[in-house]
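Engineer: Each residue of the sequence shown is one higher than the last, beginning at 2 in my numbering. Glycine is no exception: its CB is placed at the ideal position from the N, C-alpha and C atoms. No experiment lies behind these values; they were computed from the predicted model shown. Structure incoming, see below.
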Amino acid sequence: MGKARFERSKPHVNIGTIGHVDHGKTTLTSAITRC
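Structural data, given as structure tokens:
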């Protein structure tokens with residue numbers, strides 16, 4: 002059985018953030034991925 006090939010329509014990027022609580026990690030990640 003052959004594997005079906007998955008075609009990405011957008012570039013794939015892994016983003017990791019480290020920071021203290023309430024220092025804007027979610028806001029920053031949201032702004033980056035909105036582009």
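Within a Cβ cutoff of 7 Å, which residues of the same chain sit near residue 20, ignoring the five residues on either side of it in sequence?
Structural biologist: 26
Engineer: What are the start and end residues of the alpha helix (DSSP H) that includes residue 26?
Structural biologist: 26 to 34
Engineer: To the nearest angstrom, report how far apart residue 13 and residue 35 are at their CA atoms.
Structural biologist: 13 Å
Engineer: Whole angstroms is fine: what's the gap from residue 11's alpha carbon to residue 28's?
Structural biologist: So the alpha carbons of these two residues sit roughly 21 Å apart.
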